[in-house]
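*Asks:*
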Amino acid sequence: MRRHYAALIASLVLGACATSSQDLIVLLPDKEGKVGTVVVQGQKGKAVLNTAYAAARTTADGGVQRGTASQSEVKDVFGSALAAQPSRPISFILYFESGNDEFTEESKQEVKRLLAEMGRRQAADITVI
Numbered sequence: 046m047r048r049h050y051a052a053l054i055a056s057l058v059l060g061a062c063a064t065s066s067q068d069l070i071v072l073l074p075d076k077e078g079k080v081g082t083v084v085v086q087g088q089k090g091k092a093v094l095n096t097a098y099a100a101a102r103t104t105a106d107g108g109v110q111r112g113t114a115s116q117s118e119v120k121d122v123f124g125s126a127l128a129a130q131p132s133r134p135i136s137f138i139l140y141f142e143s144g145n146d147e148f149t150e151e152s153k154q155e156v157k158r159l160l161a162e163m164g165r166r167q168a169a170d171i172t173v174i
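In the working numbering, the protein residues as written are 46 to 174.
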């Protein structure tokens with residue numbers, strides 16, 4: 046999960062460094078509400094983002110203004126990018142009856158949930174361990 050947000054933030058930071066226009070960089074929390082740290086650095090300043098929804102806006106003259114973004118602002122500005130992310134991974138554990146290749150009754154129900162979940166996702170990447 047953190048990798049997805051780290052990649053998003055890194056691309057935004059790199060984009061901010063490569064342009065003279067104003068950009069907005071926001072540090073988003075992961076599913077558990079945790080965040081890492083991102084440093085946004087311009088030619089005339091930097092901002093350390095280490096709290097959920099901490100934001101930095103680059104300025105045309107190379108400065109960096111620190112602030113906070115609201116959840117609604119994040120949705121308005123980044124909604125389409127966030128919606129384009131793949132679904133989060135999900136795990137299913139299936140058990141077999143002892144001594145044969147038949148699923149347990151509980152696992153038969155789990156297979157139904159697994160197939161339903163596969164139908165909801167745009168692409169299915171399945172790993173069997």
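Backbone N, C-alpha and C define an ideal beta-carbon position, used for all residues, glycine too.
1. For G90 versus V119, is the C-beta spacing smaller than 8 Å?
2. What's the call for A61, buried or exposed, on a 16-neighbour Cβ count within 10 Å?
3. What separation, rounded to the nearest whole angstrom, lies between the Cα atoms of D170 and T82?
4. Between the region 127 to 146 and the region 98 to 115, are three or more C-beta pairs nearer than 8 Å?
5. How many angstroms separate the CA atom of V84 from the CA atom of G107?
6. Just the Cα atoms here: how many angstroms apart are L160 and A101?
7. Please state whether the Cβ-Cβ distance between F137 and T149 is less than 8 Å.
8. Please classify V156 as buried or exposed, where buried requires at least 16 neighbouring CB atoms within 10 angstroms.
9. Report the residue from Q86, G78 and L72 whose alpha carbon sits nearest the alpha carbon of N95.
10. DSSP state of K89, grouped into three classes?
11. Helix, strand or coil, according to DSSP, for F137 in the structure here?
*Replies:* Straight from the coordinates:
1. Translated into the one-based positions of the sequence shown, residue 90 becomes position 45. Translated into the one-based positions of the sequence shown, residue 119 becomes position 74. Taking 8 Å as the Cβ cut-off, G90 and V119 do not qualify as a contacting pair.
2. One-based indexing of the sequence shown puts residue 61 at position 16. With a pLDDT of only 49 at A61, under the threshold of 50, the placement of this residue in the model should not be trusted; the figure read from the coordinates follows. So A61 counts as buried.
3. Taking the sequence shown and counting its residues from 1, the one referred to as residue 170 is at position 125. Taking the sequence shown and counting its residues from 1, the one referred to as residue 82 is at position 37. Rounded to whole angstroms, D170 to T82 spans 30 Å at the Cα level.
4. no
5. Locating residue 84 in the sequence shown gives position 39, counting from the first residue. Locating residue 107 in the sequence shown gives position 62, counting from the first residue. Straight-line Cα distance between these residues: approximately 14 Å.
6. Translated into the one-based positions of the sequence shown, residue 160 becomes position 115. Translated into the one-based positions of the sequence shown, residue 101 becomes position 56. If I take the Cα positions, the gap works out to 42 Å.
7. On the sequence shown, residue 137 is found 92 positions in, with the first residue counted as 1. On the sequence shown, residue 149 is found 104 positions in, with the first residue counted as 1. It is not a contact, given that the beta carbons lie outside the stated cut-off.
8. Working through the sequence shown from its first residue, we reach residue 156 at position 111. Exposed is the call here.
9. Here residue 95 corresponds to residue number 50 of the sequence shown, with the count starting at 1. Closest by alpha carbon: L72.
10. Numbered from 1 along the sequence shown, position 44 holds the residue referred to as residue 89. DSSP places K89 in coil when its eight states are reduced to three.
11. Counting from 1 along the sequence shown, the entry for residue 137 is found at position 92. If DSSP states are grouped into helix, strand and coil, F137 belongs with coil.
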